[in-house]
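Those sequence lines, one after another, are chains E and F. Take 2 as the starting number for the first sequence in the numbering used here and just add one per residue. Take 2 as the starting number for the second sequence in the numbering used here and just add one per residue. Have a look at the structure below, then the notes.
Protein chains: 2
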Amino acid sequence: MSEETSIDVPEGWDIGGNTNGGYLMLRAAKFMREQAQRAMAVTVTGHFLRPVAAGPAQLTCDEIKRGRLLTTMRGDLIVDGRLALTLLGAFSDLDRQGQGSQFYAGSPPPLPPLEDCVPAWHLPTADALYRRIQIRCAADDPTILGGKRGGTGALEAWIAPPEGAEVATCDDLLLLVDCFPPPVFDLDLPINWTPTVELTVHVRGVPAPGWLRARCSTRFVRDGLLEESVELWDSADQLVAQSRQLAVEPRPR
Amino acid sequence: MSEETSIDVPEGWDIGGNTNGGYLMLRAAKFMREQAQRAMAVTVTGHFLRPVAAGPAQLTCDEIKRGRLLTTMRGDLIVDGRLALTLLGAFSDLDRQGQGSQFYAGSPPPLPPLEDCVPAWHLPTADALYRRIQIRCAADDPTILGGKRGGTGALEAWIAPPEGAEVATCDDLLLLVDCFPPPVFDLDLPINWTPTVELTVHVRGVPAPGWLRARCSTRFVRDGLLEESVELWDSADQLVAQSRQLAVEPRPR
Chain E
2 MSEETSIDVP EGWDIGGNTN GGYLMLRAAK FMREQAQRAM AVTVTGHFLR
52 PVAAGPAQLT CDEIKRGRLL TTMRGDLIVD GRLALTLLGA FSDLDRQGQG
102 SQFYAGSPPP LPPLEDCVPA WHLPTADALY RRIQIRCAAD DPTILGGKRG
152 GTGALEAWIA PPEGAEVATC DDLLLLVDCF PPPVFDLDLP INWTPTVELT
202 VHVRGVPAPG WLRARCSTRF VRDGLLEESV ELWDSADQLV AQSRQLAVEP
252 RPR
Chain F
2 MSEETSIDVP EGWDIGGNTN GGYLMLRAAK FMREQAQRAM AVTVTGHFLR
52 PVAAGPAQLT CDEIKRGRLL TTMRGDLIVD GRLALTLLGA FSDLDRQGQG
102 SQFYAGSPPP LPPLEDCVPA WHLPTADALY RRIQIRCAAD DPTILGGKRG
152 GTGALEAWIA PPEGAEVATC DDLLLLVDCF PPPVFDLDLP INWTPTVELT
202 VHVRGVPAPG WLRARCSTRF VRDGLLEESV ELWDSADQLV AQSRQLAVEP
252 RPR
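See below:
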């Protein structure tokens, strides 16, 4: 029961010529979610197999299990007949929202108000992605966002809903978690392509309107690989997404 | 090019009658790794679709991409003709070990020496799993491991290589990350089955001999779901595994 569709990966979502991985996750996972007839992703994992340039692509997906709470789907993004991204995801309806207990051992990053923040300094404006996605940090940001190497590998920033929207959708969260400069750039490592091996995103809630606040970090680099975690918080101080990825350490240019 | 094998899920890996999810991950991912002809898992994601009792099962897997650094595999565990666990994983050789930079923003949990620790109090000895897996905590542990509800959702413990081995293998790490009591039991929530939706394990290195130290936590419970993270550290103070899962909040008994 494979579902299939043709899509166009548009220009303008690239970093250094390769389409942003989060954008590809968004496109593929949205197709999976729609075929599952569910309202939101709950957890989506993507393995990135090849870089993708703008152009035509195929999406396929299969329902693996439909349960009461969750529908589990498998999906693929294929370019020129070759698998570029393979995914596994679980999707739910919105009726979970507001149900059950609430416990938060964390809180939103303590950023200055958005109007006091500045566009993150180092973001290469040559990269089309940053004409679609706005990121702002504190004016005295001590990390790579402020153009310094803070050496902590931990970044905090505001990020806007994509392309001028007032509200980020749950689908958008799959993109937004992957739009920050790799926190590893804040360490004494080359600033270069940091290819994602695997990215898993947990969508934890429906975002309230407005910009989101992000906490990003790489805590461990070893043996050529690094992990990168992102939390996204909405304007109502609710956690809306948590992501973690495994990536290959950037090489010297 | 599907590979397939029949296995027996043995008695004695269950909690409350259901086989431990980590044990199923270990069995399925080991088969995937062997078919990939690689030495270690790098990142494995499993979606748990149905509880599994002891008995016969089928494992299948497919190679998705063989690259220089990584081989990406898909895998399934099937019981009575029904899919119980579906996986996506990337596997590597050992030649990465010791290469590249090292950066640690964390350190092993500050546990007392193993010989001063005690078997974790609350573990139900009726559960066969805890005859195969030993877990010890500080004698004055203030959390559910010590029989109290600390309210932090953060646990620290020693864990032994499985079944009396001197050294945990990389495969074993997929099991060990899932052997702790859910940290959510340390909160004011029912102590009951906490079904895993999705578990992703990053194997970060080959364990040195001896027991491992674990840091487990649940930081966010909302809308009926919770996340759970585990770090495993070896006797040489190296991070060897990081896991994160999304699970369903336990219900009142």
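In this text, a Cβ means the ideal position worked out from N, Cα and C, and glycines have one as well. Keep in mind the model is a prediction, meaning the values are calculated, not measured.
According to the Cβ coordinates, are residue i and residue j closer than 8 Å?
| i | j | result |
| --- | --- | --- |
| M41(E) | C217(E) | no |
| I136(E) | A121(E) | yes |
| A242(F) | L174(F) | yes |
| L88(F) | A37(F) | no |
| T185(E) | V222(E) | According to the sequence provided, residue 185(E) is Val. The question's Thr does not apply to it. Contact: yes. |
| C62(E) | R51(E) | no |
| A58(F) | I8(F) | yes |
| V53(E) | A85(E) | yes |
| L71(E) | F32(E) | no |
| V207(F) | Q103(F) | no |
| L130(F) | N19(F) | no |
| M272(E) | D179(E) | Past the boundaries of the shown model lies residue 272(E); chain E is included only from 2 to 254, so the question cannot be answered. |
| Q246(F) | L200(F) | yes |
| V198(E) | H48(E) | yes |
| P251(F) | L190(F) | yes |
| L213(F) | L226(F) | no |
| R39(E) | D77(E) | no |
| A139(F) | P110(F) | no |
| G56(F) | V10(F) | yes |
| G211(F) | A106(E) | no |
| D235(E) | A215(E) | no |
| T73(F) | T46(E) | no |
| L156(F) | R205(F) | no |
Please classify residue i: does DSSP put it in a helix, a strand, or coil?
| i | result |
| --- | --- |
| P143(F) | coil |
| R28(E) | helix |
| E12(F) | coil |
| D172(F) | helix |
| A42(E) | strand |
| P120(F) | strand |
| D77(F) | strand |
| E36(E) | One point to set straight first is that residue 36(E) is Gln, not Glu, in the sequence displayed. Reduced to three states, the DSSP call for Q36(E) is helix. |
| E157(F) | strand |
| G56(E) | strand |
| D96(F) | helix |
| F181(E) | coil |
| G90(E) | strand |
| E164(F) | helix |
| L115(F) | helix |
Let me know if residue i comes out buried or exposed under the rule of 16 or more other beta-carbons within 10 Å of its beta-carbon.
| i | result |
| --- | --- |
| A161(E) | buried |
| G82(E) | exposed |
| S108(E) | exposed |
| A158(E) | buried |
| A91(F) | buried |
| T6(E) | exposed |
| L188(F) | buried |
| S244(E) | buried |
| G148(F) | exposed |
| D96(E) | exposed |
| L115(F) | exposed |
| E228(E) | buried |
| Q100(E) | exposed |
| R34(E) | buried |
| V168(F) | exposed |
| P182(F) | buried |
I'd like the span of the alpha helix (DSSP H) that includes residue i, first residue to last.
| i | result |
| --- | --- |
| R133(F) | L130 to R133 |
Terminal residues of the continuous beta strand (DSSP E) containing residue i?
| i | result |
| --- | --- |
| W234(F) | L226 to W234 |
| F221(E) | F221 to R223 |
| R245(E) | L240 to V249 |
| L213(E) | L213 to S218 |
| R314(F) | Nothing can be reported for residue 314(F), as the shown portion of chain F is limited to 2 through 254. |
| L1(E) | Residue 1(E) cannot be examined here, being either before or after the span of chain E that is shown, 2 to 254. |
| L200(E) | T197 to V204 |
| I1(E) | The requested residue 1(E) does not occur in the structure, where chain E is confined to residues 2 to 254. |
| R137(F) | I136 to C138 |
Is the CB of residue i under 8 Å away from at least one CB in chain B?
| i | result |
| --- | --- |
| T72(F) | Looking at the structure shown, chain B is missing, and the protein chains on hand are E and F. |
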